[in-house]
Amino acid sequence: MEAKDAALPPQPAVYEALRQKAAAELAQEHGEAAQPLWLRIEDLLVGGLAVCALLLCSYNVVVRYFHPAWTLELVDEVQVYVIVWAVLLSLGAVTVADRHVKADLFVTFFPEKLRRATELFVDLLGLAFAGMLLWYGATLAYQSWDYGDVSTTTLRFPLWIYFSALPAGGLALCIGYLIRLRRRLRTGS
1 MEAKDAALPP
11 QPAVYEALRQ
21 KAAAELAQEH
31 GEAAQPLWLR
41 IEDLLVGGLA
51 VCALLLCSYN
61 VVVRYFHPAW
71 TLELVDEVQV
81 YVIVWAVLLS
91 LGAVTVADRH
101 VKADLFVTFF
111 PEKLRRATEL
121 FVDLLGLAFA
131 GMLLWYGATL
141 AYQSWDYGDV
151 STTTLRFPLW
161 IYFSALPAGG
171 LALCIGYLIR
181 LRRRLRTGS
């Protein structure tokens, strides 16, 4: 046993630190007490929508293979609507967890004070974008409702329901950025 351990190279402290950091992040993300109620509700809603989309897609795949006459044209359309809603509703949680795709290669090399100022500016810019998404999305959804727009397929789905995902996502994004800004201004990080 000792010979086997001696043959292994010593594990650098960096790997251990990264492992501990990842374990702490996972514990924080999945800890029920640390997660606010609205984030848990959002997780359940987004997860439910994703499962719904998966079941709709699976139904059509299986039915097309075994009994093509039972395929439903509306499934493809509804699946798109459900996925769009799920993605846009998840924006708030992704923002609060700081999981957006970002290009921060150079920012990490900035001095601490400049890096914090840059991150604050980015959060303010994100909040402005979220506000515009909320405003213009609400305008689009209202106009679609007012004009009675429906999809061009046989389902004739009211498009205001589909377009309402934009202001809902914008609102979730606004809340996410407000939480981040509050956290950043309180802790300074």
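Letter 122 of the sequence shown, counting from 1, is numbered 122 in UniProt numbering, and no numbers are missing.
All residues carry an ideal CB built from backbone N, CA and C; glycine is no exception.
Alpha carbon to alpha carbon, how far is residue j from residue i? Give it in angstroms, no decimals.
| i | j | result |
| --- | --- | --- |
| Cys52 | Val82 | 8 Å |
| Arg184 | His100 | 17 Å |
| Phe121 | Ala86 | 28 Å |
| Trp160 | Asp149 | 7 Å |
| Val80 | Arg180 | 30 Å |
| Tyr136 | Ser144 | 12 Å |
| Ala50 | Leu124 | 30 Å |
| Asp104 | Thr95 | 15 Å |
| Ser151 | Arg182 | 41 Å |
| Tyr65 | Thr187 | 57 Å |
| His67 | Asn60 | 10 Å |
| Tyr147 | Glu112 | 52 Å |
| Asp76 | Phe110 | 47 Å |
| Thr153 | Tyr142 | 21 Å |
| Leu127 | Ser58 | 37 Å |
| Phe129 | Leu37 | 25 Å |
| Gly47 | Thr118 | 33 Å |
| Ile102 | Ala138 | As written in the sequence, residue 102 is Lys, which differs from the Ile given in the question. Roughly 27 Å separates the two Cα atoms. |
Output needed for residue i: all residues of its chain with C-beta closer than 7 Å, excluding positions within five of it in sequence on either side, in chain order.
| i | result |
| --- | --- |
| Val63 | Trp70 and Thr71 |
| Gly92 | Glu42, Ala172, Leu173, Ile175 and Gly176 |
| Leu134 | Pro167, Gly170, Leu171 and Cys174 |
If residue i and residue j are in contact, beta carbons under 8 Å, what's the gap, nearest whole angstrom?
| i | j | result |
| --- | --- | --- |
| Arg115 | Val107 | 6 Å |
| Leu89 | Leu44 | About 11 Å separates the two Cβ atoms, so there is no contact after all. |
| Phe163 | Leu140 | 5 Å |
| Leu56 | Val78 | 6 Å |
For residue i, is the beta carbon positioned less than 7 Å from some heavy atom of the ligand FMN?
| i | result |
| --- | --- |
| Arg156 | Of ligands this structure carries none, so the ligand FMN is not represented either. |
Can you list, in chain order, the residues of its chain whose CB lies under 8 Å from that of residue i, leaving out five sequence neighbours each side?
| i | result |
| --- | --- |
| Glu32 | The pLDDT assigned to Glu32 is 46, lower than 50, so where the model puts this residue is not dependable; a value taken from the coordinates is nonetheless given after this. Arg40, listed in sequence order. |
| Leu54 | none |
| Gly131 | Gly170 and Cys174 |
| Leu178 | Leu127 |
What residue range is occupied by the uninterrupted alpha helix (DSSP H) comprising residue i?
| i | result |
| --- | --- |
| Gly176 | Ala165 to Thr187 |
Considering only residues of the same chain and omitting the five flanking positions on each side of residue i, which have a CB-CB separation below 6 Å?
| i | result |
| --- | --- |
| Leu74 | Leu155 |
| Ala165 | Val84, Trp85 and Leu88 |
- Item | Unbroken stretches of the alpha helix (DSSP H), 4 residues or longer, contained in the region 36 to 60 | Fully enclosed alpha helix (DSSP H) runs of 4 or longer: not present.
- In chain order, each beta strand (DSSP E) run of at least 3 residues that lies wholly inside the region 61 to 134: Those beta strand (DSSP E) runs which fall completely within the region 61 to 134 and span 3+ residues do not exist here.
- Item | Whole beta strand (DSSP E) elements within the region 134 to 158, 3-residue minimum | Those beta strand (DSSP E) runs which fall completely within the region 134 to 158 and span 3+ residues do not exist here.
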